[in-house]
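Q:
There are 2 protein chains.
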Amino acid sequence: MPKRQATKVQKTRIQSHNEALILDAALEVFSAYGYRGATVDQIATKCGLSKPNLLYYFKRKEDIYTAVLERTLALWLAPLQALDPDKDPIDELTRYISAKLDLTFARPEASKLFANEILHGAPHVAPFLIGPLKELVTAKSKVIRNWVSQGKIRDVEPEHLIFAIWSVTQHYADFGVQVEAVLGTKPNAAKVKTAVTDLLLGGVKVQNAK
Amino acid sequence: MPKRQATKVQKTRIQSHNEALILDAALEVFSAYGYRGATVDQIATKCGLSKPNLLYYFKRKEDIYTAVLERTLALWLAPLQALDPDKDPIDELTRYISAKLDLTFARPEASKLFANEILHGAPHVAPFLIGPLKELVTAKSKVIRNWVSQGKIRDVEPEHLIFAIWSVTQHYADFGVQVEAVLGTKPNAAKVKTAVTDLLLGGVKVQNAK
DNA sequence: ACGACTCTTGACCATTTGATCAAGAATTAA
DNA sequence: TTAATTCTTGATCAAATGGTCAAGAGTCGT
Numbered sequence: 000m001p002k003r004q005a006t007k008v009q010k011t012r013i014q015s016h017n018e019a020l021i022l023d024a025a026l027e028v029f030s031a032y033g034y035r036g037a038t039v040d041q042i043a044t045k046c047g048l049s050k051p052n053l054l055y056y057f058k059r060k061e062d063i064y065t066a067v068l069e070r071t072l073a074l075w076l077a078p079l080q081a082l083d084p085d086k087d088p089i090d091e092l093t094r095y096i097s098a099k100l101d102l103t104f105a106r107p108e109a110s111k112l113f114a115n116e117i118l119h120g121a122p123h124v125a126p127f128l129i130g131p132l133k134e135l136v137t138a139k140s141k142v143i144r145n146w147v148s149q150g151k152i153r154d155v156e157p158e159h160l161i162f163a164i165w166s167v168t169q170h171y172a173d174f175g176v177q178v179e180a181v182l183g184t185k186p187n188a189a190k191v192k193t194a195v196t197d198l199l200l201g202g203v204k205v206q207n208a209k
Numbered sequence: 000m001p002k003r004q005a006t007k008v009q010k011t012r013i014q015s016h017n018e019a020l021i022l023d024a025a026l027e028v029f030s031a032y033g034y035r036g037a038t039v040d041q042i043a044t045k046c047g048l049s050k051p052n053l054l055y056y057f058k059r060k061e062d063i064y065t066a067v068l069e070r071t072l073a074l075w076l077a078p079l080q081a082l083d084p085d086k087d088p089i090d091e092l093t094r095y096i097s098a099k100l101d102l103t104f105a106r107p108e109a110s111k112l113f114a115n116e117i118l119h120g121a122p123h124v125a126p127f128l129i130g131p132l133k134e135l136v137t138a139k140s141k142v143i144r145n146w147v148s149q150g151k152i153r154d155v156e157p158e159h160l161i162f163a164i165w166s167v168t169q170h171y172a173d174f175g176v177q178v179e180a181v182l183g184t185k186p187n188a189a190k191v192k193t194a195v196t197d198l199l200l201g202g203v204k205v206q207n208a209k
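Keeping their order, the protein sequence lines are chains D and F. With numbering that gives the first Met the number 0 applied, the first sequence covers 0 to 209. With numbering that gives the first Met the number 0 applied, the second sequence covers 0 to 209.
1. Check each residue of the region 156-178 of chain F: if its Cβ is closer than 9 Å to any Cβ of chain D, include it; give the result in chain order.
2. Alpha carbon to alpha carbon, how far is F/Leu128 from F/Val28?
3. The region 92-118 of chain F: which residues have C-beta closer than 7 Å to a C-beta of chain D, in chain order?
4. Beta-carbon of F/Lys204 versus every beta-carbon of chain D: anything under 7 Å?
5. Is the number of C-beta pairs between the region 108-121 of chain F and the region 13-32 of chain F that are closer than 8 Å three or more?
6. With burial defined as no fewer than 16 other Cβ atoms inside 10 Å of the residue's Cβ, what is the status of F/Lys193: buried or exposed?
7. Less than 7 Å between C-beta atoms, sequence neighbours within five positions excluded: which residues of the same chain meet that for D/Lys45?
8. Who are the neighbours of F/Lys133 on chain D, taking C-beta pairs under 9 Å?
9. Give a yes or no on whether the minimum CB-CB distance between D/Leu72 and chain F is below 7 Å.
10. So D/Arg35 and F/Tyr32 are supposed to be a Cβ contact under 8 Å. How far apart are they, rounded?
11. Using alpha carbons as the reference points, say which of F/Ile164, F/Val155, F/Ala81, F/Glu18 lies closest to F/Leu53.
12. With 7 Å set as the bound, which would you pick, yes or no: does the beta-carbon of D/Val39 sit closer than that to a beta-carbon of chain F?
13. Considering Cα atoms alone, identify which of F/Lys50, F/Val124, F/Gln177, F/Leu79 is closest to F/Ala66.
14. Would you be able to state if there are at least three C-beta pairs under 8 Å between the region 149-165 of chain D and the region 180-194 of chain F?
15. For chain D, check one thing: does any of its Cβ atoms lie closer than 7 Å to the Cβ of F/Gly130?
16. Determine, for F/Val211, whether the minimum Cβ-Cβ distance to residues of chain D falls below 7 Å.
17. Have a look at D/Phe57 and D/Val191 and give me their C-alpha separation to the nearest angstrom.
18. Could you tell me if D/Glu69 is buried or exposed, where buried requires 16 or more neighbouring beta carbons within 10 angstroms of its beta carbon?
19. Below 9 Å on C-beta distance, what does D/Val136 contact in chain F?
20. If you follow the alpha helix (DSSP H) that D/Cys46 is in, where does it begin and where does it stop?
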């Protein structure tokens, strides 16, 4: 009878602590340099561990990457999931855009990590895209289509509306350098929120022009 | 007196031909794998040259990268430059969105190359961003602001409208894998164009609702 | 045909980097 | 305290990769 679990099932205090350190550091490094651009040494240095020690917790570089990537996927689904068919469409969309922008400004590295992954053909998250993500979009598109047929919102293409919300909101993280360069200053989160929300919901055209 | 030019000034037939081959191959490889992810060998193989031969035309990997990157920057400015203050705003914006989407579908690799560069902090194009790009955006923002003050379009934030057009249009190239996965099929360019244009110009809200 | 120049390549080098391993240090349950 | 287990690391390796070089092949104007 072994003194400890024969098959490891519970994490040590040190283990949880170091794994968290590693994933935090890995997010920063991977999002800044991409998968190939990042080195295990960089990550190890950033979290104050030696390279062999880091590889004691994650056998391969790719394991670190998939671990940190998976941690962000959940974050991605949550806001869209919250879209409520029974509440006011404009309120719901406003809240969705707001939540996405909050994420963008609070966790730009997470957004960049995901963007990099997709940009390079989604080699690690293809199943996520054609599985849970597609399902969720399909479901919520139905909700939006309902709003349209009830005359509560204009006749938009739901999938493309969702793409638009994704791209515009994430733009402020993924293309943050460009935004800052063009504006000449870091954008103000609140201003961005009103500008983006107003634009997506209200459009450009003067609609009441007689 | 030398038989040929002492300082090389004119390109050989073979030279122009091979440089073009290289840049085409480099665009594909860099856009697919990023700067660090791409290898000189990959590019050489793709264009049917040996690695040393390729390095005969471009001394360093970085030289290939900057060359192919520069070739795309001009492409980027043109459509926005064409925005005409004296014509109808809606027509002009429609044309701009249309031109951007044409680029997206015709040259997705160019879009991805640029996206990757910005995503990683724009190490090679920072001067372009704070120089010509910023100037152009500032100038065209004035145009848009004029349209607003003349009541020809809604009161939008010009810079953020431009960001929105950029992000939404480029999304179909940069996040193409995701778009295709979610839709279950390659998107139809014409459909995307009407959906995106209608959304950005008309918004989501039913404006005439009494 | 000839000589000068351009183009091409096999072999090679130095560095980077992901990964291993054996041995020692620290931790933990009894 | 003790012994099993977990944690840590210096040294090291093999592969990948950017880049070099000398020598030969091809091209071109005359």
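In this text, a Cβ means the ideal position worked out from N, Cα and C, and glycines have one as well.
A: A quick look at the data gives this:
1. Glu156, Glu158, His159, Leu160, Ile161, Phe162, Ala163, Trp165, Ser166, Val167, Thr168, Gln169, His170, Tyr171, Asp173, Phe174, Gly175, Val176, Gln177, Val178
2. 24 Å
3. Leu92, Lys111, Ala114, Asn115, Ile117, Leu118
4. yes
5. yes
6. The residue asked about is misnamed: residue 193 of chain F is Thr in this sequence, not Lys. F/Thr193 comes out exposed.
7. Ala24, Glu27, Val28
8. Ala180, Val181, Leu182, Gly183
9. no
10. 7 Å
11. F/Glu18
12. no
13. F/Val124
14. yes
15. no
16. Only positions 0 to 209 of chain F appear in this structure, which leaves residue 211 of chain F out of reach.
17. 39 Å
18. exposed
19. Val181, Leu182
20. 39-46
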